[in-house]
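Colleague: Chains as they are written, first to last, in my numbering: chain A, 15 to 525; chain B, 42 to 184.
Backbone N, C-alpha and C define an ideal beta-carbon position, used for all residues, glycine too.
Take this structure first; my questions come after.
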Amino acid sequence: MDTLASLADGFAVALTWQNLSLALMGCLLGTIMGALPGLGPSNGVAILIPLAFSLGLGATPALILLTAVYYGAMYGGRISSILLNIPGDEPAMMTCLDGYPMAQQGRAGEALALSGIASFVGSFFATWGLVLLAPQLVKVALLFGPAEYFALFTLAFATLGGIASTNQAKAAFAAALGLGLAMIGVDAQTGVTRFTFGEVHLYDGIDFLVAIVGLFALSEVFVFLEHRSTDADGDTGKKMEIGKLYPSWSMIKSCIPTMGRTTILGFLAGVLPGAGASLGSFIAYSSEKRICDRDGTFGKGDPRGVAAPETGNNAAAGGALVPMLALGVPGSGTTAVLLAVLLSLNITPGPLLFTQNPDVVWGLIAALFIGNFMLLALNIPMVGLFTRVLLVPPRILMPVVAMISFVGIYGISGSSFDLMVMVAFGVLGWVLRKLEVPLVPVILGTLLGNAMEANLRRAVSISNGDWFTLADSWLSIGIWLVAIVGFILPIFLGRVFRKKMDDEYEKELSD
Amino acid sequence: MSDRILGGVGLTLAIFFAWSTTLIQESFMTDVVGPKAFPLIIAAVLGAASLVFLFRPDPAPLWPPLNRLAEVGFAVLVCFLYAKVLPELGFIISTTLAAGYLTWRLGTRPLQSVVVGVATAVGIYIVFRVILGLSLATGPFGF
């Protein structure tokens, strides 16, 4: 009951005109960004953080805006999957399989509406899951000392590559790179400068916002430039017939069991470290295919094949917020970016957040509920509007993305040194992507590096220099074990998993 | 081959990082662990991962042909120049130039590119400066 009372307080925080309009704006922008190929939840949120920051929004309003963008982008990804057969972002990949065939049969409107409903169901129940699960996790987290936290950070890095990671060495490389970048600047505990090489600009360290916008947003522009002549224009030529916008009740009814099962699967995939939304939608689709594909209609425009991945990835998006809010340790790229939002607002997520800033947490959760209803309302009748957005060619869009990134970073510091650092990160991001080094651990490293080191030093200092204190309690030993298994398992299973995902995708497309 | 180069660069970076760690001036009052231990752990991880790349490289990615590479290089150069001239020329002029260049290279026709460049700059100026009141770089003409 405590939880419900806090939730009611949260609604009181969220229901102001400013917050409601921010949520609406976030939902709109998010859906647009999700729909545009090349812009997904993580770079969408990344571009907007500096802007929200330099507009001087308070903590709760800024969070409401940006999480609305996050949820909106998860909704929007399906639009281009269904209409163009190009996933708007990675989690929406599985939606192509049945969504595009439905569109080819002239049932695009139905597919869009059904997937809108499926997204709503997934994120609505996942948000309830967040409400119920996060406070429980907080109780566990209150038992954590610095040693456990150090182990937990290691766990986050070890599992970030995910079960589908193909090369764990590259994930480790990326994490070390990010952590190394975080070391630059004045050491908070002793006050000595590290790795600054006499450059005054570096004394404050590298602003992680600069790194995030460079790595996620600007590198996307370079990727587009590289592929320009091949397919970047993405000329789709023929206009897709949308058809009727409202699915029949019987179609929705046939999807209810599917949505129920995939909500649970997706939510679990989101909560567990190392899975995330892409895997959530994959598991949801393949398990539904196994359970209800008796007539072999999956892959040929079966409505359940549209509902399953959309419910799955939206439920995973909600689930991923649980470890981020309750432990302060994100499990996916986009939640890592949301962590950056919190840190730049001077809020440290984790168990203390629930006791010290309950208004922020519960206001945010209430805003998620509100945003969800807004997204449902926006996405069904107004979906035609968003399909219009897909007509903006990337050759115009990408320079705009680049310029807005510059505006955001310049707005924070007003220094052209930061802009140059951002360009350097853009280049780094492009090179790392070419070499298939994941970018998320780099970001997480720059975000968590200092906290991780602080916990290490605190733990070892408390025990007078005994390093074995790091694995001295059952709790920390347990975390270390999960971290080690989570890191080693993908070395054997990763290729198999990734191959299965791609095979499934290829096979369905060629059918 | 690409992975081997990455491994070489990574290894050099790890050694350089470890070497710069030893240069850190420790102050007279410090905690038990000190400011050097964690960077050394990071350098070790970085080095170990790089060794894996050296000995078990992945198949090389598809690098773009030289002219594409030059394309990316020029775009990077334009971005650097943009960062450099922004405080001097002001927001509208520099953004028109940079956005115009990028959209031209992405395949917009030259004359149209000028229009797109101006429209991007003015559009962003109106939304972020006039409506949202963000501070943008001011040039010699006040915009």
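Does residue 136 of chain B come within less than 8 Å of chain A when only Cβ atoms are used?
Modeller: True, the Cβ-Cβ gap to chain A drops below 8 Å.
Colleague: Excluding sequence positions up to five away, which residues of its chain have a Cβ less than 6 Å from the Cβ of residue 244 of chain A?
Modeller: Below a pLDDT of 50, predicted positions are generally treated as unreliable, and residue 244 of chain A, at 47, falls in that range; no measurement from the model is reported.
Colleague: Should residue 249 of chain A go down as buried or exposed, given a rule of 16 or more other Cβ atoms within 10 Å for buried?
Modeller: Low confidence applies here, because residue 249 of chain A scores a pLDDT of 46, under 50, leaving its location unreliable; read the following figure in that light. Exposed, by the Cβ-count rule.
Colleague: So, is residue 262 of chain A buried or exposed, given that buried needs 16 or more other C-beta atoms within 10 angstroms?
Modeller: Exposed: under 16 other Cβ atoms inside 10 Å.
Colleague: Going along the stretch 468-479 of chain A in order, which residues come within less than 8 Å of chain B, judged by CB to CB distance?
Modeller: Of all residues in the stretch 468-479 of chain A, 470, 471, 474, 475, 478 and 479 have a Cβ within less than 8 Å of some Cβ in chain B.
Colleague: I'd like to confirm the pairing. Which residues does DSSP put opposite residue 212 of chain A in its beta bridges?
Modeller: BP columns for residue 212 of chain A are empty, so no partner.
Colleague: In three-state DSSP terms, what is residue 58 of chain A?
Modeller: Residue state, collapsed to three classes: helix.
Colleague: Contact criterion: CB-CB distance below 8 Å. Does residue 139 of chain B meet it with respect to chain A?
Modeller: Interface residue, yes.
Colleague: Could you check what DSSP says for residue 428 of chain A in three-state terms: helix, strand or coil?
Modeller: Coil.
Colleague: Looking only at its own chain, which residues have a Cβ that is under 7 Å from the Cβ of residue 201 of chain A, when we skip the five neighbours before and after it?
Modeller: 208, listed in sequence order.
Colleague: Please go through the same chain and pick out, in chain order, the residues whose beta-carbon is closer than 7 Å to the beta-carbon of residue 347 of chain A, but skip the five residues on each side of it.
Modeller: So the list reads 56 and 454, once near-sequence residues are dropped.
Colleague: Check residue 206 of chain A in the structure and name its three-state DSSP category.
Modeller: Coil at residue 206 of chain A, not helix or strand.
Colleague: May I ask you to list the residues that DSSP assigns as paired with residue 200 of chain A?
Modeller: Residue 200 of chain A pairs with A:207.
Colleague: With a threshold of 8 Å between beta carbons, is residue 250 of chain A in contact with chain B?
Modeller: At residue 250 of chain A, the pLDDT of 46 sits below 50, so the modelled position is not reliable; the number obtained from the coordinates is stated separately. Judged by the 8 Å Cβ criterion, residue 250 of chain A is not in contact with chain B.
Colleague: Between which two residues does the alpha helix (DSSP H) carrying residue 162 of chain A extend?
Modeller: 160-174 is the extent of the alpha helix (DSSP H) around residue 162 of chain A.
Colleague: Is residue 155 of chain B close to chain A? Criterion is C-beta to C-beta, closer than 8 Å.
Modeller: With 8 Å as the cut-off, residue 155 of chain B does not count as an interface residue toward chain A.
Colleague: Cβ of residue 150 of chain B less than 8 Å from any chain A Cβ?
Modeller: Judged by the 8 Å Cβ criterion, residue 150 of chain B is not in contact with chain A.
Colleague: Counting pairs of beta carbons, one from the stretch 437-457 of chain A and one from the stretch 101-115 of chain B, are three or more of them closer than 8 Å?
Modeller: Contact holds: three or more Cβ-Cβ distances are below 8 Å.
Colleague: If residue 324 of chain A and residue 127 of chain A are in contact, beta carbons under 8 Å, what's the gap, nearest whole angstrom?
Modeller: At roughly 11 Å, the Cβ-Cβ gap does not stay under 8 Å, so residue 324 of chain A and residue 127 of chain A are not in contact.
Colleague: Can you check which of these residues, A:444, A:391, A:28 and A:187, is closest to residue 260 of chain A by C-alpha distance?
Modeller: Nearest of A:444, A:391, A:28 and A:187 to residue 260 of chain A, Cα basis: A:391.
Colleague: For residue 147 of chain A versus residue 336 of chain A, is the C-beta distance shorter than 8 Å?
Modeller: A contact, by the Cβ cut-off of 8 Å.
Colleague: DSSP three-state call for residue 448 of chain A: helix, strand or coil?
Modeller: Residue state, collapsed to three classes: helix.
Colleague: Go to residue 318 of chain A, then tell me how far its alpha helix (DSSP H) extends in each direction, as first and last residue.
Modeller: Run containing residue 318 of chain A: 317-341, per the alpha helix (DSSP H) assignment.
Colleague: Label residue 328 of chain A either buried or exposed according to how many other C-beta atoms from any shown protein chain fall within 10 Å of its C-beta, with 16 as the threshold for buried.
Modeller: Per the 10 Å Cβ criterion, buried.
Colleague: Just the C-alpha distance for residue 313 of chain A and residue 274 of chain A, rounded to the nearest angstrom, thanks.
Modeller: Those two C-alpha atoms are separated by around 20 Å.
Colleague: Write down the C-beta distance between residue 45 of chain A and residue 400 of chain A rounded to the nearest angstrom, noting that I regard them as a contact closer than 8 Å.
Modeller: Their Cβ separation, rounded to whole angstroms, is 6 Å, which keeps residue 45 of chain A and residue 400 of chain A in contact under 8 Å.
Colleague: Starting from the Cα of residue 389 of chain A, find the closest Cα among A:65, A:82, A:73 and A:33 and give me that residue.
Modeller: Nearest C-alpha to residue 389 of chain A: A:82.
Colleague: Taking just the CA atoms, how far does residue 143 of chain B sit from residue 46 of chain B?
Modeller: Distance between the alpha carbons of residue 46 of chain B and residue 143 of chain B: 30 Å.
Colleague: Check the Cβ of residue 51 of chain B against every Cβ in chain A and list those closer than 7 Å, keeping chain order.
Modeller: Under the 7 Å cutoff, chain A gives 187.
Colleague: Classify residue 318 of chain A: buried if its beta carbon has 16 or more other beta carbons within 10 angstroms, exposed otherwise.
Modeller: Residue 318 of chain A comes out buried.
Colleague: Drop a sphere of 10 angstroms on the beta-carbon of residue 406 of chain A, count the other beta-carbons inside from all chains shown, and report buried for 16 or more, exposed for fewer.
Modeller: So residue 406 of chain A ends up on the exposed side.
Colleague: Which class does residue 244 of chain A belong to by DSSP, given the choice of helix, strand or coil?
Modeller: Any reading at residue 244 of chain A needs caution, since the residue's pLDDT is 47, under 50, leaving its predicted position unreliable; the model's value is listed next. It is helical.
Colleague: Is the beta carbon of residue 470 of chain A closer than 8 Å to that of residue 164 of chain A?
Modeller: Result yes, Cβ atoms of residue 164 of chain A and residue 470 of chain A sit closer than 8 Å.
Colleague: What residue from A:26, A:158, A:136 and A:17 has the CA that sits closest to residue 489 of chain A's CA?
Modeller: Of the candidates A:26, A:158, A:136 and A:17, the one whose C-alpha sits nearest the C-alpha of residue 489 of chain A is A:158.
Colleague: Just curious, the alpha helix (DSSP H) that residue 45 of chain B is in, first and last residue?
Modeller: First-last of the alpha helix (DSSP H) with residue 45 of chain B: 43-64.
Colleague: What residues in the stretch 60-72 of chain B bring their beta carbon closer than 7 Å to a beta carbon of chain A?
Modeller: Per Cβ criterion, the list reads 61, 65, 66, 67, 68, 71 and 72.
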